[in-house]
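Peer 1: According to the working numbering, the residues represented by the sequence shown are 16 to 471, in order.
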Amino acid sequence: RQQIISHHKSLINDSDAWVKERAKDALKYLCQNAANRSEILNQTELKKIEYDLKQAVEGTQEQQKNITQRQENDLLLLSSVIEGREDNELRKRILSSGIVESLLTIFNTRDLNSITPTYSSALFDLTNPSSDEIKLVIYNKKPYTGLIRLLEHPDDDISSDAIASIFSIQLSGSNTIKESDPHPHYETIQESGGIKKIFVLFQKNTDKYNRDRSALCIGYLFRAREITDPIMRQVIINHLKILLNDENAWLKGRAKEALKYLAQNDTNLSEILSEQELKRIEQDLKQPFEGTEEQQKNITQRQETDLLLLSSVIEGREDNELKNRIISSGVVESLLIIFTNRDLNSITRTYSQAFFHITNNSSDEIKLIIYNKKPYPGLIRLLEHTDIPIASDAIISILIILQTGSNTTPESDPHPHYETIQESDGIKKIFALFQKNGSKYSRDRSALCFDLCFIY
16 RQQIISHHKS LINDSDAWVK ERAKDALKYL CQNAANRSEI LNQTELKKIE
66 YDLKQAVEGT QEQQKNITQR QENDLLLLSS VIEGREDNEL RKRILSSGIV
116 ESLLTIFNTR DLNSITPTYS SALFDLTNPS SDEIKLVIYN KKPYTGLIRL
166 LEHPDDDISS DAIASIFSIQ LSGSNTIKES DPHPHYETIQ ESGGIKKIFV
216 LFQKNTDKYN RDRSALCIGY LFRAREITDP IMRQVIINHL KILLNDENAW
266 LKGRAKEALK YLAQNDTNLS EILSEQELKR IEQDLKQPFE GTEEQQKNIT
316 QRQETDLLLL SSVIEGREDN ELKNRIISSG VVESLLIIFT NRDLNSITRT
366 YSQAFFHITN NSSDEIKLII YNKKPYPGLI RLLEHTDIPI ASDAIISILI
416 ILQTGSNTTP ESDPHPHYET IQESDGIKKI FALFQKNGSK YSRDRSALCF
466 DLCFIY
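1) Note down, in chain order, each residue of its chain lying with its Cβ closer than 7 Å to the Cβ of E206, except the 5 sequence neighbours on either side.
2) Let me know the secondary structure DSSP gives E272 once reduced to three states.
3) Pick from I121, R295, Q418: whose alpha carbon is nearest that of I381?
4) May I ask which residues mark the beginning and end of the alpha helix (DSSP H) holding P245?
5) Taking DSSP as the reference, what is the three-state secondary structure of E292?
6) Suppose contacts are defined by Cβ-Cβ distances below 8 Å. Is I192 in contact with F214 by that definition?
7) Buried or exposed for V96, please, with buried defined as at least 16 other CB atoms from any protein chain shown within 10 angstroms of its CB.
8) Output the boundary residues of the alpha helix (DSSP H) element that contains Q302.
9) Who are the near neighbours of N14 in its chain, counting only those whose CB is closer than 7 Å to its CB and skipping five residues on each side?
10) Which class does C464 belong to by DSSP, given the choice of helix, strand or coil?
11) Does DSSP classify L61 as helix, strand or coil?
12) Suppose you measure from the CA of S343 to the CA of H372; what does that come to, to the nearest Å?
13) Which of helix, strand or coil does DSSP assign to Q70?
14) Determine whether the beta carbon atoms of I416 and Y456 lie at a separation below 8 Å.
15) Between the Cα of D196 and those of D408, Q279, S111, spot the shortest distance and give me the residue it belongs to.
16) From H198 to Y235, what distance separates their C-alpha atoms?
17) Going by Cα to Cα distance, which pick from L141, T160, S30 is closest to V152?
18) So is K134 buried or exposed if we call it buried at 16+ other beta carbons inside 10 Å?
19) Give me the Cα-Cα distance between L399 and D440, rounded to the nearest whole angstrom.
20) List the whole-angstrom C-beta distance separating S412 from L394, where the pair is believed to meet the contact cut-off of C-beta under 8 Å.
21) Residues in its own chain within less than 6 Å of N143 by CB, not counting five upstream and five downstream?
22) Give the single residue among T83, R106, K150 whose Cα lies nearest to the Cα of S129.
23) Just to confirm my understanding: we take D227, look at its own chain, exclude 5 residues before and 5 after, and list those with CB closer than 7 Å. What are they?
24) Is it right to say L90 is buried, meaning 16 or more other beta carbons lie within 10 angstroms of its own, or is it exposed?
25) Return helix, strand or coil for Q79, following the three-state DSSP convention.
26) DSSP three-state label for G420, please.
27) In terms of residues, what are the limits of the alpha helix (DSSP H) holding P11?
28) Looking at C-alpha atoms only, which residue of V34, T423, E77, S361 is the closest neighbour of K312?
29) May I have the straight-line CA-CA distance separating K43 from S25, to the nearest angstrom?
30) Please list the segments of the alpha helix (DSSP H) lying wholly inside the region 190-245, counting only runs of 4 or more residues, in order along the chain.
31) State the start and end residues of the unbroken alpha helix (DSSP H) segment that holds S53.
32) Only counting the same chain, and skipping five residues up and downstream in sequence, which positions put a Cβ closer than 7 Å to that of F217?
33) If I'm right that L56 touches I20 with Cβ under 8 Å, what's the distance once you round it to whole angstroms?
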């Protein structure tokens, strides 16, 4: 083991790029075993890496080249062990060694042209994938100044590592506070002119990776805070809206979160969901589901993107005025027509979730408006959907609307919605959902619906 690992380590310094890359891959595979990992990256090795990184790049041109090469070999070894690896204990050991501080010193002080992707990717590999606890340790080492400086690097790979690292580290701040609070890292990033430089990266870069992550960073950092620059506000929000239609599920989810955070500010919200936008969503939802398979796919995709945008704004939000605007636009009627008429297999959870978000955290007044739009036939039909989460969305939406009926009539009176539910054979279908063993969530809420319906 010792001889093979030592030889692979030496190959990281090979002049043949193919050999160097294969050696890195081999070490990465060997690291999946704990005994091999201890041999590859022990405390002595970590101490040597930290010492090498502290060495100033000075002397003759040949000496400077040797110092840089030794540092790069160390970092290639480090990356081979941690790249893509979920191991917080190992990262704690690396963070305790002083390696991160040495990397940040290099980012802050060294001539940009002498910093290669090997340096920037090593820091990114430390931030991702890692826990919020690890990222907070990195944050406390004040990484933003150096990383923001790297955003101006002429090598796109390095600026990509920098913006991805910034996004990863800021997540630890975003994930560890209440959703309604402003981002705790905003001021720190602003001290280095970070917002402006992130936006410059977004504007100048044709690279999708950099543009997407720059937009996400700004979206997260302006959580519950107005983007005061109107140009920045418009282009960043528009880009985040575009990402809701991205084929990458991670990007789509992050864009939805970013829009949700931005929407906590009224000025941002007006940009995200204007009256014109609501009208467009309603028109898209009204479009008949017909044509070729490809045309139907495009209709679904457009509608789902619209509903993701809607959900990003209203999910968990207590804003009856906003929900009244949405209901007045005709969106609810269009959703109910889809629930009532469209083939169940072509209805995805994006549709049922959007309806649930409109009903949830709403006043009785709002829910009565929804009730008057006759929601039960469509929702009861969704109870038979083969996708359990969709049936769950339907039963909780029914329960929420039923509760409004209970809240607005005398306790001694029968439930005012009972007959309406029965018209769609709702009692029988709610009981059928209860009898299925698909979900405790659905069974519990089905039982609660019965309790409300049979109150006299």
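We put the beta carbon where it would ideally sit given N, CA and C, even for glycine. Predicted, not measured: the structure shown is a model, and the values here were computed from it.
Peer 2: The short version:
1) none
2) helix
3) Q418
4) 245-258
5) helix
6) no
7) buried
8) Careful: Q302 lies outside any alpha helix (DSSP H) and carries neither H nor E.
9) With the chain covering 16 to 471 only, the question about residue 14 has no answer from this structure.
10) helix
11) helix
12) 16 Å
13) coil
14) no
15) Q279
16) 7 Å
17) L141
18) The sequence shown places Tyr at residue 134, not Lys. So Y134 ends up on the buried side.
19) Before going on, a small fix: residue 399 reads as Glu here, not Leu. Looking at the two C-alpha atoms, the distance is approximately 12 Å.
20) 6 Å
21) S183
22) T83
23) L258, L266
24) buried
25) helix
26) helix
27) Since the displayed the chain opens at 16 and closes at 471, residue 11 lies outside it and no answer follows.
28) S361
29) 15 Å
30) 201-206, 209-219, 223-236
31) 49-55
32) R226, S229, A230
33) With a Cβ gap of about 10 Å, L56 and I20 do not count as contacting.
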